[in-house]
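Enquirer: Residue numbers (my numbering): 110 to 633.
Ideal Cβ positions, reconstructed from N, Cα and C, are used throughout, including at glycine.
Quantities reported herein were computed from a predicted structural model and do not represent experimental measurements.
Sharing a structure below in structure tokens format, with a few things to ask.
Listed below in structure tokens is the structure:
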């Protein structure tokens, strides 16, 4: 598994680094500058081969790359022999140096355009973007959206991935197009800027399969139709249906693969339950009063020597309440557990048909400086699979048009994100480092190749924009020096350049340390 993650990380980051450095390389050669080293990665070289004047290498640290050009040290400008100066970077004119430096970010933007074009002309396979369980008091519920809605369009603009839900901070979202229970519906809303995106991500599509258990751990499928089951109707979506007066519970035959959406039930032993509800909590409360709980409250396994193991909690035990307060999902149970700052908590559960009450002492660990209470149990949770949609080809000219629009939109969103970071509208904790990039690359690869390449294009744009920041040691810093030379009508003093580079390096190191710290806090 670790080797797979590393391989996907390299597959994801490698093309971004290669194209960035290739941009510098090609423009350098265009203007006659000699390139001494073209390296993917930093540190000791794993592989190297020299062709002409250039040594091509793959180095051990796959977190970037570099192109070393002849005479790229402005402090050693006068040490270069006169006959070699036409091949030196620092002896080129301002126009040539600008494009050599600009070549890297430009290549990243071109790569993003190429990826978008390829996806659009071939058609994409993308996961649907669904809204999770919405409480009645939530902003987006009050705006007319519902649990299980699949987002299709924002202001008549197609939604391809979660970032498409973000709009410019000055814009307003007036209409959301969704698919709800097989129907396409336009919902009139009023969201300013990216507030809609911020609300949606609060409710991930954690939608449970319509499976409940009784006190003996017998599993049943919930259905609203007699002698028929539909495993695509999640518990959360069923709770949004109106005018339901009864449901049917059909027992599952034993030893079935829950990853299969073709579960076999015994229709002859079905149970008809009169029931009325208007939201998720009232639905689950009524099922509870009739002796049924959602399957995620059942224990799948218990860690050896954990607090749960020590007091006798076993596989297929079913949680009912915590400190006398009923729980209706494993996530609810876990959240409530964190709220009790007590050495022991009271837990009520079903165990082999019997009602048990136990006292348990959670194990406490520190995460981000906050206590995390654990019992050492894993839930028997069964969530809905992601549904995928296949988009039609946009055609050659349509793909060119929309690739340009997507690339430009990605640039604007990246800049807008960094402006909010600088103005403290979003937290520095949102910055991710190599581990965060590796995780999203791995997750997107296992979700959909279209999603994987979309993310690659977005990160390529991010890389291009970041490198244009006017920070010395970045490409934008070199461009800033060229602009200052134009203003100064001559090269900057050695002392000024040294100070600028030290400041730039310090800023870059602080950002890197912050990103790595956030990674460590998230994953360890």
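Could you check the C-alpha separation between residue 497 and residue 288 for me, to the nearest Å?
Expert: Position 388 of the chain shown, counted from the first residue, corresponds to residue 497. Position 179 of the chain shown, counted from the first residue, corresponds to residue 288. So the two alpha carbons sit approximately 13 angstroms from each other.
Enquirer: Identify every run of the beta strand (DSSP E) within the stretch 318 to 373, keeping only runs that are complete inside it and at least 3 residues long; order them along the chain.
Expert: Runs found: 320 to 322, 328 to 332 and 355 to 360.
Enquirer: Label residue 317 either buried or exposed according to how many other C-beta atoms from any shown protein chain fall within 10 Å of its C-beta, with 16 as the threshold for buried.
Expert: Start at 1 with the first residue of the chain shown, and residue 317 comes out as number 208. When all chains shown are included, residue 317 counts as buried.
Enquirer: Are the Cβ atoms of residue 243 and residue 256 separated by less than 8 angstroms?
Expert: Indexing the chain shown from 1 puts residue 243 at position 134. Indexing the chain shown from 1 puts residue 256 at position 147. Cβ atoms of residue 243 and residue 256: closer than 8 angstroms.
Enquirer: Can you find a CB in chain C that lies within less than 8 angstroms of the CB of residue 134?
Expert: Protein chain content of the structure displayed is limited to a single chain, and chain C is not contained in it.
Enquirer: Of all the beta strand (DSSP E) runs that stay within the bounds of the stretch 155 to 179, which reach a length of 3 or more residues?
Expert: Whole beta strand (DSSP E) segments, 3+ residues: 163 to 178.
Enquirer: Can you grab the Cα-Cα spacing for the pair residue 486 / residue 371, in whole Å?
Expert: For the purposes of this step, residue 486 is taken as the residue at position 377 of the chain shown. For the purposes of this step, residue 371 is taken as the residue at position 262 of the chain shown. For residue 486 and residue 371, the distance between alpha carbons rounds to 28 angstroms.
Enquirer: Put residue 476 into one of helix, strand or coil per three-state DSSP.
Expert: Position 367 of the chain shown holds residue 476. Strand.
Enquirer: Report the partner residues of residue 266 according to the DSSP bridge assignment.
Expert: As a working note, residue 266 is residue 157 in the chain shown. Per DSSP, 263.
Enquirer: Give me the residue from 324, 359, 346 and 344 with the minimum Cα distance to residue 337.
Expert: As a position in the chain shown, residue 337 is number 228, starting the count at 1. Ranking the options by Cα distance to residue 337, first place goes to 359.
Enquirer: Taking a contact to mean a Cβ-Cβ separation below 8 angstroms, would you say residue 235 touches residue 559 in this structure?
Expert: The residue given as residue 235 occupies position 126 in the chain shown. The residue given as residue 559 occupies position 450 in the chain shown. Yes, Cβ-Cβ distance for residue 235 and residue 559 is below 8 angstroms.
Enquirer: Within 10 angstroms of its Cβ, does residue 423 collect 16 or more other Cβ (buried), or is it exposed?
Expert: As a first step, residue 423 is located in the chain shown; it is residue number 314 there, counting from the start. The residue in question, residue 423, is exposed, as its Cβ has fewer than 16 Cβ neighbours within 10 Å.
Enquirer: To the nearest angstrom, how far is it from the Cα of residue 505 to the Cα of residue 298?
Expert: For the purposes of this step, residue 505 is taken as the residue at position 396 of the chain shown. For the purposes of this step, residue 298 is taken as the residue at position 189 of the chain shown. So the two alpha carbons sit approximately 35 angstroms from each other.
Enquirer: Excluding the 5 residues preceding and the 5 following residue 129 in the sequence, name in chain order all residues of the same chain whose CB lies nearer than 8 angstroms to its CB.
Expert: Counted from its first residue, the chain shown places residue 129 at position 20. Once the five neighbours on either side are set aside, the close Cβ partners of residue 129 are 174, 213, 214, 216, 217, 572, 573 and 576.
Enquirer: Rounded to the nearest angstrom, how far is the Cβ of residue 62 from that of residue 584, given a contact under 8 angstroms?
Expert: The structure shown has nothing for residue 62, since the chain only spans 110 to 633.
Enquirer: Using a Cβ distance threshold of 8 angstroms, determine whether the stretch 378 to 398 contacts the stretch 338 to 357, with at least three qualifying pairs required.
Expert: As far as the Cβ criterion goes, the stretch 378 to 398 touches the stretch 338 to 357, which means the pair count is three or higher.
Enquirer: Report the option in 380, 397, 295 and 401 whose CA atom is closest to the CA atom of residue 323.
Expert: Sequence index remark: in the chain shown, residue 323 carries index 214 (1-based). Residue 323 has its Cα closest to that of 401, out of 380, 397, 295 and 401.
Enquirer: Pick from 366, 361, 382 and 381: whose alpha carbon is nearest that of residue 375?
Expert: Here residue 375 refers to the residue found at position 266 of the chain shown. Closest by alpha carbon: 361.
Enquirer: Please state whether the Cβ-Cβ distance between residue 238 and residue 268 is less than 8 angstroms.
Expert: Against the chain shown, residue 238 aligns to sequence position 129. Against the chain shown, residue 268 aligns to sequence position 159. The answer is yes: Cβ separation under 8 angstroms.
Enquirer: Just mark residue 368 as buried or exposed, buried being the case when its beta carbon has 16 or more other beta carbons within 10 Å.
Expert: Numbered from 1 along the chain shown, position 259 holds the residue referred to as residue 368. By the neighbour-count rule (16 or more Cβ atoms within 10 Å), residue 368 is not buried but exposed.
Enquirer: Would you list the one or two residues that DSSP bridges to residue 487?
Expert: Along the chain shown, read from residue 1 onward, the residue named residue 487 stands at position 378. According to DSSP, which records beta bridges pairwise, residue 487 is partnered with 410.
Enquirer: Residue 246 to residue 490, Cα distance in whole Å?
Expert: One-based indexing of the chain shown puts residue 246 at position 137. One-based indexing of the chain shown puts residue 490 at position 381. Rounded to the nearest angstrom, the two C-alpha atoms are 26 angstroms apart.
Enquirer: With distance defined between alpha-carbon atoms, name the residue in 325, 339 and 357 nearest to residue 425.
Expert: Taking the chain shown and counting its residues from 1, the one referred to as residue 425 is at position 316. The shortest C-alpha separation from residue 425 is found at 325.
Enquirer: Which partner residues of residue 385 appear in the DSSP bridge assignment?
Expert: In the chain shown, the residue the question calls residue 385 occupies position 276. Answer by DSSP bridge pairing: none, since residue 385 is not bridged.
Enquirer: Quick check: the stretch 517 to 525 against the stretch 447 to 456, are there 3 or more CB pairs under 8 angstroms?
Expert: Output reads no: the stretch 447 to 456 does not touch the stretch 517 to 525.
Enquirer: Below 8 angstroms on the Cβ atoms is my contact criterion, and I expect residue 240 with residue 314 to pass it. Report the Cβ-Cβ distance as a whole number of Å.
Expert: In the chain shown, the residue the question calls residue 240 occupies position 131. In the chain shown, the residue the question calls residue 314 occupies position 205. Going by Cβ atoms, the distance from residue 240 to residue 314 rounds to 7 angstroms, so yes, they are a contact pair.
Enquirer: Under the three-state reduction of DSSP, which class applies to residue 460: helix, strand or coil?
Expert: Start at 1 with the first residue of the chain shown, and residue 460 comes out as number 351. Three-state result, residue 460: strand.
Enquirer: With C-beta atoms as the reference, is residue 180 less than 8 angstroms away from residue 197?
Expert: Working through the chain shown from its first residue, we reach residue 180 at position 71. Working through the chain shown from its first residue, we reach residue 197 at position 88. Contact flag set, yes.
Enquirer: Measure the CB-CB distance between residue 365 and residue 373 and report whether it falls below 8 angstroms.
Expert: Along the chain shown, one-based indexing puts residue 365 at 256. Along the chain shown, one-based indexing puts residue 373 at 264. Against a cut-off of 8 angstroms, the Cβ pair of residue 373 and residue 365 comes out as a contact.
Enquirer: Quick test of your reading: residue 512 and residue 147, contact by CB under 8 angstroms. State the CB separation rounded to the nearest angstrom.
Expert: In the chain shown, the residue the question calls residue 512 occupies position 403. In the chain shown, the residue the question calls residue 147 occupies position 38. Between residue 147 and residue 512 the Cβ distance is about 28 angstroms, and since that is not below 8 angstroms, they are no contact.
Enquirer: Look at the Cβ atom of residue 264, then the Cβ atom of residue 284, and state whether they are nearer than 8 angstroms.
Expert: As a working mapping, residue 264 is identified with position 155 in the chain shown. As a working mapping, residue 284 is identified with position 175 in the chain shown. Going by C-beta atoms, residue 264 is nearer than 8 angstroms to residue 284.
Enquirer: Is residue 183 helix, strand or coil when you go by DSSP?
Expert: In the chain shown, counting from the first residue as 1, residue 183 sits at position 74. Three-state result, residue 183: helix.
Enquirer: Could you give the C-beta distance for residue 430 and residue 472, rounded to a whole number, given that I count them as a contact under 8 angstroms?
Expert: By one-based count along the chain shown, residue 430 stands at place 321. By one-based count along the chain shown, residue 472 stands at place 363. Between residue 472 and residue 430 the Cβ distance is about 21 angstroms, and since that is not below 8 angstroms, they are no contact.
Enquirer: Considering Cα atoms alone, identify which of 580, 594, 582 and 566 is closest to residue 126.
Expert: As a first step, residue 126 is located in the chain shown; it is residue number 17 there, counting from the start. Of 580, 594, 582 and 566, the residue nearest in Cα terms is 566.
Enquirer: Do residue 274 and residue 309 have their beta-carbon atoms positioned less than 8 angstroms apart in this structure?
Expert: Start at 1 with the first residue of the chain shown, and residue 309 comes out as number 200. Start at 1 with the first residue of the chain shown, and residue 274 comes out as number 165. Taking 8 angstroms as the Cβ cut-off, residue 309 and residue 274 qualify as a contacting pair.
Enquirer: With a threshold of 7 angstroms on Cβ separation, who are the neighbours of residue 355 within its own chain once the five nearest residues in sequence on each side are excluded?
Expert: For the purposes of this step, residue 355 is taken as residue 246 along the chain shown, with counting starting at 1. Answer for residue 355: 381, 382, 383 and 384, listed in chain order.
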